[in-house]
Amino acid sequence: MPLKIFGLLTGVFAVSLLLTGLIRRYALDYALLDHPNARSSHTHPTPTGGGAAIALGFFLAIGALHYWGLLNGDVSWALLGGGVLVAFIGAWDDITPIVAKWRLLAHLLAALWAVYCIGAPASLNVGSYTLELGWTAYPLWVLAVIWLTNLYNFMDGIDGLAGAQAITAGLAGGILLWWLNAPGLAGASLALAAASGGFLIWNWPRARIFMGDAGSGMLGFSFAVLALAGERGHAMPAAVWMILLALFILDASYTLLARLLRGEAWYHAHRSHAYQRLVQADIPHRRVTLWALLINVVVLWPATGIIWVYPGLLPWMLAVVAIAGWLLWWGVRSKFSNP
Numbered sequence: 422m423p424l425k426i427f428g429l430l431t432g433v434f435a436v437s438l439l440l441t442g443l444i445r446r447y448a449l450d451y452a453l454l455d456h457p458n459a460r461s462s463h464t465h466p467t468p469t470g471g472g473a474a475i476a477l478g479f480f481l482a483i484g485a486l487h488y489w490g491l492l493n494g495d496v497s498w499a500l501l502g503g504g505v506l507v508a509f510i511g512a513w514d515d516i517t518p519i520v521a522k523w524r525l526l527a528h529l530l531a532a533l534w535a536v537y538c539i540g541a542p543a544s545l546n547v548g549s550y551t552l553e554l555g556w557t558a559y560p561l562w563v564l565a566v567i568w569l570t571n572l573y574n575f576m577d578g579i580d581g582l583a584g585a586q587a588i589t590a591g592l593a594g595g596i597l598l599w600w601l602n603a604p605g606l607a608g609a610s611l612a613l614a615a616a617s618g619g620f621l622i623w624n625w626p627r628a629r630i631f632m633g634d635a636g637s638g639m640l641g642f643s644f645a646v647l648a649l650a651g652e653r654g655h656a657m658p659a660a661v662w663m664i665l666l667a668l669f670i671l672d673a674s675y676t677l678l679a680r681l682l683r684g685e686a687w688y689h690a691h692r693s694h695a696y697q698r699l700v701q702a703d704i705p706h707r708r709v710t711l712w713a714l715l716i717n718v719v720v721l722w723p724a725t726g727i728i729w730v731y732p733g734l735l736p737w738m739l740a741v742v743a744i745a746g747w748l749l750w751w752g753v754r755s756k757f758s759n760p
């Protein structure tokens, strides 16, 4: 890895670390606190909005990668234009809660912008198979970007979890993209990990500041754009990102499906995800986050490594991860019911 990339990542980490501390001080001075409520997994008022530091550090990295000619304009503008919009609406919501429809509209516009900039791949590379999307490519990709943007926010409910997920997925994705000769996308992925690392110093259980919507939405959006760009440029199949982010994707998706089947309003806030059930059972945040890290590093990283060596196994690995994820999700929800 070139020295300038290493220097960039170090700088991104430092910017995120220092800026998170400044945001925390500002939040304390002006009482920008997340107060516990019936849906919370924390018990004390805590400063919020620290995700803005992740966003700023990441945006600076994208600018540098574009300036150095490593990241093309289409991807750069998709990440910056859509990412700024998602981070802005999230920061606004952190300060003054806004109506959900306006937040969703912003996410829709960001997704449309990203797909417009990069284009929608008409087919998906799934190992030895090619899934033709035809005319559904654009709406499906827009929906995918919106869903990942929102589910990352849904999964940001306990100390350290969202930041740890960004580090493990960003690091693994960056290494794979570097090996696949996509240095710009690799740098962007590693920058997400570095920015999240600086923030996680403050957010590790017990958290001294929360990420807030400014960070969680931006992280989900950025991972979705990297998946779109990798698929479009034939650098890395989007399905690989589905495995790296499986812990978040499966918990959020299975929980949403269960709520729909029960006739619940899917758009209402809740705390019925598997990770929330664990915390409600008095399992400490630190332990749940460490379990998530363990699953990512011990299970999902090797799964992507196997795909790297045997690309034809990708569809089978997706199936194995989805089934194993469902068994884990079902087991947690069966053992730990909502109070």
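Our numbering applies: residue 422 is where the sequence shown begins, and numbers increase by one. For glycine and all other residues, C-beta sits at the position ideal for the given N, C-alpha and C. Source: prediction; values computed, not measured.
DSSP state of residue i mapped onto helix, strand, coil
i	result
tryptophan 550	First, the amino acid is wrong: residue 550 is tyrosine here, not tryptophan. Tyrosine 550: strand per DSSP, three-state reduction.
leucine 601	coil
leucine 606	helix
proline 732	helix
leucine 545	strand
leucine 454	strand
threonine 467	strand
aspartate 631	Per the sequence shown, residue 631 should be read as phenylalanine rather than aspartate. Three-state result, phenylalanine 631: coil.
glycine 578	coil
serine 758	coil
threonine 441	helix
tryptophan 625	coil
leucine 491	coil
aspartate 514	helix
leucine 666	coil
methionine 657	coil
Where the alpha helix (DSSP H) containing residue i begins and where it ends
i	result
phenylalanine 480	472–488
glutamate 652	634–653
alanine 499	No alpha helix (DSSP H) holds alanine 499; DSSP gives it neither H nor E.
valine 536	521–539
asparagine 574	558–575
leucine 714	706–715
valine 720	Valine 720 -> no alpha helix (DSSP H), and no H or E assigned at all.
For residue j and residue i, the rounded distance between their alpha carbons
i	j	result
isoleucine 516	threonine 467	13 Å
tyrosine 559	alanine 541	5 Å
leucine 473	methionine 663	Reading the sequence as shown, one finds alanine at residue 473 and not leucine. Those two C-alpha atoms are separated by around 25 Å.
glycine 618	valine 661	22 Å
alanine 543	isoleucine 510	30 Å
glycine 555	tryptophan 562	12 Å
glutamine 697	arginine 627	16 Å
tryptophan 729	histidine 456	45 Å
alanine 659	tyrosine 451	42 Å
leucine 429	threonine 441	18 Å
alanine 579	tryptophan 750	Note on identity: in this sequence residue 579 is isoleucine, with alanine being the wrong assignment. Roughly 17 Å separates the two Cα atoms.
tyrosine 738	leucine 601	According to the sequence as given, residue 738 is methionine; it is not tyrosine. If you take the alpha carbons of methionine 738 and leucine 601, they lie about 20 Å apart.
aspartate 495	isoleucine 744	36 Å
arginine 708	leucine 714	10 Å
leucine 492	leucine 530	22 Å
isoleucine 483	tyrosine 573	21 Å
glycine 432	alanine 615	9 Å
tryptophan 623	glycine 608	24 Å
asparagine 571	phenylalanine 427	31 Å
alanine 648	glycine 641	11 Å
isoleucine 567	leucine 613	18 Å
leucine 711	glutamine 586	10 Å
leucine 545	glutamate 652	7 Å
glycine 490	tyrosine 550	33 Å
glutamate 685	leucine 677	9 Å
Cβ separation of residue i and residue j, assumed to be a contact under 8 Å, to the nearest whole Å
i	j	result
histidine 694	phenylalanine 575	7 Å
leucine 735	glycine 594	That pair is no contact at about 15 Å.
valine 505	leucine 477	So it is not a contact: roughly 10 Å between Cβ atoms.
leucine 668	isoleucine 596	Incorrect: roughly 18 Å between the Cβ atoms, too far for contact.
alanine 603	alanine 656	4 Å
leucine 500	valine 700	Contact doesn't hold; Cβ gap of about 32 Å is too wide.
isoleucine 475	methionine 639	7 Å
glycine 471	phenylalanine 620	6 Å
alanine 583	serine 643	With a Cβ gap of about 13 Å, alanine 583 and serine 643 do not count as contacting.
Report the residue ranges of all beta strand (DSSP E) runs contained in full by the region 669–701; include only those spanning at least 3 residues, in chain order.
-> none
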